[in-house]
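Report on the following structure.
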Amino acid sequence: MKEIRWHGRGGQGGFTASRLLGIAASVHGNKHALAFPSFGPERRGAPVLAFTKIDDTKLNDRSEVEESDYVVVMDETLIDSGFSKGIKTGATIVINTTQPERYRALLPSYTIMSIDASKIAMEILGRHITNTAMYGALAAASDLVSLDAALESIKTEMKPAIAEKNMRIVKLAYETVKNQM
C-alpha cells in the first residue's frame, strides 16, 4: 500500500487533490484507493490535512495515514519542527517552493521535489489555488498514476468550464517535475 499525506490550507483544494488522485488510481488506473480529509470547521486559510491510500487490493482501513510514502506540501509555511513525524525514511516530499535547497538541508532523510505551484496557478487560473499543480507534480514524482489517468480524473470530476485550465496546470506541473528528475 502507498500512503500519501497532503498539507494545505483551507481553500487551496487539498482534499480535492487527494480525491482526484484516488479517482485516477481507482477509476482510471485499476487500483483501489481511499481519499479522506482531516479537518473540522476550519475557515479559509487554516491548516488542513488530507490523505490518500492506494493499493492493488481492496482497502478497508480508513484511519489516518501514519507512515507516509509521499507528502505533498501546498504551502511551505506549514513545514514546522514536528512536520516529519509519520513520514517514512526515504519518502518523497513534494513542496510548493522556490527554495528547494532549504528543505533538502532541513529534511535530509527524504527526497525533496519542488515546484512553484503558486506561479503556475496564478498564470493559468489567476488565483493561488495550487491543488492541481501539486497533483501533477506528485504524479510525476511518484508514478502512482499516469499523466493520462490524472487528466482523466479531472475530466471525470470537474465541470468543463474549469477542467481545461486545470488539465493545463497538471500537464505543466508534471512536465516541470519530470524535467527535474
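For reference, each letter of the sequence shown is one residue, going 11 to 191 in our numbering.
Glycine included, each C-beta is placed from N, C-alpha and C at the ideal position.
query                                                                                                                   : result
Close-in-space but distant-in-sequence residues of the same chain around residue 121 (CB under 6 Å, 5 per side omitted) : 102
Beta strand (DSSP E) runs contained entirely in the stretch 51–79, provided each spans 3 or more residues               : 57–65
Outcome for residue 116 when other beta-carbon atoms lying within 10 angstroms are tallied against a minimum of 16      : exposed
Selected residue, minimal CA-CA separation from residue 71, among 42, 81, 188                                           : 42
Rounded separation between residue 106 and residue 16 - CA only                                                         : 12 Å
Three-state secondary structure assigned by DSSP to residue 176                                                         : helix
Backbone secondary structure at residue 88 - three-state DSSP                                                           : helix
Sheet register partners of residue 106 (DSSP bridge)                                                                    : 125
Sub-8 Å separation of residue 14 and residue 113 beta-carbons                                                           : no
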